[in-house]
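Here the sequence shown is numbered in my numbering, starting from 1 and rising by one per residue.
Glycine is no exception: its CB is placed at the ideal position from the N, C-alpha and C atoms.
Small disclaimer: the values here were computed from a predicted structure and weren't measured.
To start, the structure under review is shown below, and the notes come after it.
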Amino acid sequence: MITSPTQIQITSPQKHSRTGDGSIDLVAATSTDFVGLRTDPEALPSSLSGIKSQNFGGAKPASLTAEFQVSNLNMFYGSAQALKNVNLEIYQRQITAIIGPSGCGKSTFLRCFNRMNELIPNTRIEGQILFRAQDLYAPNVDPVAVRKTIGMVFQKPNPFPKSIFDNVAYAAQINNIKGNLKEIVEHALIQAELWGEVKDKLKQSGLALSGGQQQRLCIARALAAQPEVILMDEPCASLDPIATLRIEELVRDLKKEFTIVIVTHNMQQAARLSDYTAMMTITEQEEGKRTGTVIEHGETRHLFTKPRDSRTEDYITGRFG
Ligand SMILES: Nc1ncnc2c1ncn2[C@@H]1O[C@H](COP(=O)(O)OP(=O)(O)OP(=O)(O)O)[C@@H](O)[C@H]1O
Ligand SMILES: [Mg+2]
């Protein structure tokens, strides 16, 4: 686990410009100058408990701590509103699944947690996301630092055209992770449950691995940056059932150390893997405008057995979406 300082260091004060070069390359987007949002889960300010949970899922169990608190979140691509009035909490060291029909804003919502949307030109958000009581979008928070602490794994495995070792080492180096590079790489590959399969061919290209191995390599690469949270956008979408189960086992294991938010179209995966589920859908706004929102959020076992919203029931039973 990361052992860096417990406060944000203001590295590049900036208003969120909301513009960028359009690339969404997490590792390349991270930098060496971060410094950790709060890293000690026990060090959460008591003020957190005073913030009213706006979950749709009822009271938060006393044993859980809020990792993220999303309040009145709206998100826009230019003039098109993609997310409307999203309110929920994500709990620490829990797996939260985000489900919902195509185009309802799951990926957009996920990218709000590590400020990746602002790499897309002309995006804008309103509302607030607190990460361990720190406003992620405060003017003095460095988005690059945020993306190091809150890592991301994408739908399609995207190793760099480099060796297996270098794929992971690069993430550690660019994030200025201190320590013996070989040990850091080995540790990340062990954490990603890939070490046994690649330890004798670390100089081989990452692109020569199977799809499932490539995805675990990408997870190792994300872990080498020593994040606190891992966001996963349909990480098994391109994998066969065996490789999918392998990733699921890995994700379950990673939960011991990380908070995980995973977007999935696979209802069985959401049901068997996640502790909490957020159901999103598209709602028709005035003037025929369609916007994504969260309609239900709660414990997975409840949401899948006794959904409160008929749209959730329709979706999870395959009647819609
Ligand atoms: N870069 C972008 N520029 C403009 N609009 C975008 C962009 N990315 C997404 N959108 C729009 O935002 C809405 C939500 O898209 P998003 O990709 O978040 O949906 P999703 O739920 O992840 O869909 P899927 O399940 O197909 O991956 C859609 O209407 C989409 O067209
Ligand atoms: Mg998506």
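**OP:** Mind listing, in chain order, the continuous beta strand (DSSP E) runs of no fewer than 3 residues lying wholly within the stretch 63-124?
**Re:** 66-77, 80-91, 95-99
**OP:** Please say whether glutamine 155 and glutamate 234 have beta carbons closer to each other than 7 Å?
**Re:** On the sequence shown, position 234 is the one that residue 234 refers to. On the sequence shown, position 155 is the one that residue 155 refers to. Cβ distance < 7 Å, so glutamate 234 and glutamine 155 count as in contact.
Original post:
Given lysine 182, which residues of its chain have a CB within under 6 Å of its CB, disregarding the five upstream and five downstream residues?
Top reply: Counted from its first residue, the sequence shown places residue 182 at position 182. No residues qualify anywhere along the chain.
Original post:
Looking at lysine 106 and ligand 2, is the gap between the Cβ and the nearest heavy atom below 6 Å?
Top reply: Reading the sequence shown from its first residue, position 106 is the one you call residue 106. Checking the 6 Å criterion, the Cβ of lysine 106 is within range of a heavy atom belonging to ligand 2.
Original post:
If you draw a straight line from the alpha carbon of aspartate 166 to that of arginine 290, how long is it in whole angstroms?
Top reply: As a first step, residue 166 is located in the sequence shown; it is residue number 166 there, counting from the start. As a first step, residue 290 is located in the sequence shown; it is residue number 290 there, counting from the start. Computed Cα separation, rounded: 43 Å.
Subject >> Of the listed residues Tyr276, Asn266, Asp200, nearest to isoleucine 323 (C-alpha basis) >> reply: Since the displayed the chain opens at 1 and closes at 321, residue 323 lies outside it and no answer follows.
Original post:
Once you ignore the five residues that flank valine 86 on each side, which residues in its own chain have a CB closer than 7 Å to its CB?
Top reply: Here the question's residue 86 lines up with position 86 in the sequence shown. Excluding positions up to five away in sequence, the list reads Val70, Leu73, Phe109, Thr293, Val294.
Original post:
Roughly how many angstroms lie between the CA atoms of arginine 301 and leucine 209, to the nearest whole one?
Top reply: Here the question's residue 301 lines up with position 301 in the sequence shown. Here the question's residue 209 lines up with position 209 in the sequence shown. If I take the Cα positions, the gap works out to 36 Å.
Subject >> Contact under 7 Å by Cβ, proline 159 with glutamine 94 >> reply: In the sequence shown, counting from the first residue as 1, residue 159 sits at position 159. In the sequence shown, counting from the first residue as 1, residue 94 sits at position 94. Contact: no.
Subject >> Between the CA atoms of asparagine 180 and serine 102 - distance to the nearest angstrom >> reply: If you number the sequence shown from 1, residue 102 lands on position 102. If you number the sequence shown from 1, residue 180 lands on position 180. A direct Cα-to-Cα measurement between serine 102 and asparagine 180 gives close to 43 Å.
**OP:** Return helix, strand or coil for tyrosine 315, following the three-state DSSP convention.
**Re:** Counted from its first residue, the sequence shown places residue 315 at position 315. Tyrosine 315 falls in the helix class under three-state DSSP.
Subject >> Boundaries of the alpha helix (DSSP H) in which aspartate 166 is found, first to last residue >> reply: Translated into the one-based positions of the sequence shown, residue 166 becomes position 166. Where aspartate 166 is concerned, the enclosing alpha helix (DSSP H) stretches over 164-174.
Subject >> Buried versus exposed call for serine 79 [16 or more other C-beta atoms within 10 Å across all chains shown] >> reply: As a working note, residue 79 is residue 79 in the sequence shown. Around the CB of serine 79, fewer than 16 other CB atoms lie within 10 Å, so the residue is classed as exposed.
Original post:
Residues in its own chain within less than 6 Å of alanine 138 by CB, not counting five upstream and five downstream?
Top reply: Looking up residue 138 in the sequence shown gives position 138. Once the five neighbours on either side are set aside, alanine 138 has no close Cβ partner at all.
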